[in-house]
Amino acid sequence: MAEPMRVLIVCDYSLGYLGGAQIALMRQAQALAAAGHRVSLLAPDAGSAGLDAAVEAVEPPPSRTLPVLELPLLRASPELAGFAGDVLDDHRIDAVLLHSEFGLAATVSAEARRRRIPVLHTVHTFFWTGPWAAAPFAPAVRAFHRAVTGLPSPRMKLAPRPLDSALRQMTLAVARTADVVVSPSAHQAERLREAGLPRVEAVSNVTEPVAEPAPMPPFDRLRVAWLGRFAPEKRLDAALGGVASASPALPLSLRIAGGTPNARQQRLGGGRAEWLGRLAQAGAAELVDSSHALLLTSNGFDNQPMVVLEAFSRGRPVILVDRVLAKEFGDAAVLCDSPDPDGIARTLERIAADPRILERATAAAVELSHRASGAAHATRIAGLVEEVRKG
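With positions in the sequence shown counted from 1, the corresponding number in the working numbering is that position plus 6.
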């Protein structure tokens, strides 16, 4: 095993809401601690996040929260730089692992580089998208990020739409400050290299396989789970439309967790949709266990969704519409005929007619979860830090 490190994991986001980035960094912290490294986690509300006892919570100075986005707003400043420097020195940090793109991450990265401390930046999505109506705000997004981080905005086109490009420029600006950029998926890693980053490594997020996955529920009807934010890029309406379009003779249920439906979504789901609201981790695990598969309907947005890894760890495959993700997950994924509701409906009908499709995908899902173990992740991260140290 590599010599134990003193690691500082950094995130601008609140840990009160466990989105994909937050779950990924918490899993990373636990994996590194289990491997014998000393781990500190610096985030706005780390002290109240219920961290593992082996992970030390460190909180930055108080911050304001940006409305709508619910983003704790920590702006790069001499005071924040002084605080970051004190944390690095007092904790005798050997490596910094960034998980966000705003003022706290940028400041800690700058102070670490001054001290020649290796910096790794995990990019959770380089596929930011914004609504069409907000396109005129692209210059404001660049100006906001520059004001918060003190970093210049990369002047390059990263997406067809100006706002999407501006959002991705935020990630690129901070990623440029790191010694190594970590991408949980190979397809995102390639896009980051195309953007000019010199060192990008694909390292899977962490999922610990369950020793004995729950047996598949009976196939008297096809039970599909959908978990995620009710955000446009997650395309919940496509899932609902697919279920509604499937043959009325097909015994099928779609159970949905992650938010509250509006009236139109409730009508679209009809009698086949069950709305579960937000679920804690135990509830989400129970939902996966009692389902045949997870349905993921995002298309061109996700990098390596943690919800998919969680499903794999519990011995459940994923049905998805994104061809790039399907290639990433290999045989553990069942690709829909097309991303639209009709394509989803035809795929659900095909699976219901031949459950062996899911049986084959289940075996691959279990195998993939073993390759994404915490021990494997910790070994790879420690190896990258050592490579930076050696120059």
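Every residue gets a Cβ at the ideal spot worked out from N, C-alpha and C, and that includes glycine. The structure presented is a predicted model; accordingly, all values stated were derived computationally and were not measured.
**OP:** Would you mind working out which of 139, 97 and 294 sits nearest residue 12, comparing C-alpha positions?
**Re:** 97
Original post:
How is residue 216 classed by DSSP in three states: helix, strand or coil?
Top reply: coil
Subject >> Nearest-angstrom Cβ-Cβ length linking residue 343 and residue 349, presumed shorter than 8 Å >> reply: 4 Å
**OP:** Over the uninterrupted alpha helix (DSSP H) stretch that includes residue 371, give me the two end residues.
**Re:** 362-377
Original post:
Is residue 104 closer than 8 Å to residue 128 when the C-beta atoms are compared?
Top reply: yes
**OP:** Identify every residue that forms a DSSP beta bridge with residue 352.
**Re:** Per DSSP, none; premise fails for residue 352.
Original post:
Is there contact between the stretch 235-245 and the stretch 218-227, where contact requires at least three CB pairs shorter than 8 Å?
Top reply: no
Subject >> Rounded separation between residue 58 and residue 36 - CA only >> reply: 7 Å
Original post:
At what residues does the beta strand (DSSP E) containing residue 324 begin and finish?
Top reply: 324-326
Original post:
So, using beta-carbon positions, are residue 293 and residue 231 closer together than 8 Å?
Top reply: yes
**OP:** Alpha carbon to alpha carbon, how far is residue 278 from residue 161? Give it in angstroms, no decimals.
**Re:** 48 Å
**OP:** Note down, in chain order, each residue of its chain lying with its Cβ closer than 6 Å to the Cβ of residue 358, except the 5 sequence neighbours on either side.
**Re:** 228 and 256
**OP:** Assuming residue 181 contacts residue 195 (C-beta within less than 8 Å), just tell me the rounded distance between them.
**Re:** Going by Cβ atoms, the distance from residue 181 to residue 195 rounds to 11 Å, so no, they are not a contact pair.
Original post:
Taking the Cβ atom as the reference point for each residue, do residue 187 and residue 164 lie within a distance shorter than 8 Å?
Top reply: no
Original post:
Taking buried to mean at least 16 other C-beta atoms within 10 Å of its own C-beta, is residue 264 buried or exposed?
Top reply: buried
Original post:
Roughly how many whole angstroms lie between the Cα atoms of residue 312 and residue 211?
Top reply: 7 Å
Original post:
So what does DSSP say about residue 154, is it helix, strand or coil?
Top reply: helix
Original post:
Between which two residues does the alpha helix (DSSP H) containing residue 221 stretch?
Top reply: From DSSP, residue 221 is part of no alpha helix (DSSP H); its letter is neither H nor E.
**OP:** Can you give me the start and stop residues for the alpha helix (DSSP H) that residue 200 sits inside?
**Re:** 192-200
**OP:** Tell me whether residue 41 is buried or exposed, calling it buried when 16 or more other Cβ atoms sit within 10 Å of its Cβ.
**Re:** buried
**OP:** Could you pull out every unbroken alpha helix (DSSP H) segment of at least 4 residues lying fully inside the stretch 244-299, listed in chain order?
**Re:** 269-275 and 287-295
**OP:** Classify residue 268 as buried or exposed, calling it buried when 16 or more other Cβ atoms lie within 10 Å of its own Cβ.
**Re:** exposed
Original post:
Could you give the distance in angstroms between the alpha-carbon of residue 347 and the alpha-carbon of residue 304?
Top reply: 12 Å
**OP:** Alpha carbon to alpha carbon, how far is residue 373 from residue 266? Give it in angstroms, no decimals.
**Re:** 34 Å
Subject >> DSSP three-state assignment for residue 122, whether helix, strand or coil >> reply: coil
**OP:** Pull up the DSSP beta-bridge partners for residue 62, would you.
**Re:** 46
**OP:** Consult DSSP for residue 168 and reduce its assignment to one of helix, strand or coil.
**Re:** helix
Original post:
So residue 85 is in the alpha helix (DSSP H); what residue range does that whole segment cover?
Top reply: 84-96
Original post:
CB-CB under 6 Å to residue 341, same chain, minus the five flanking residues each way: which ones, in chain order?
Top reply: 332
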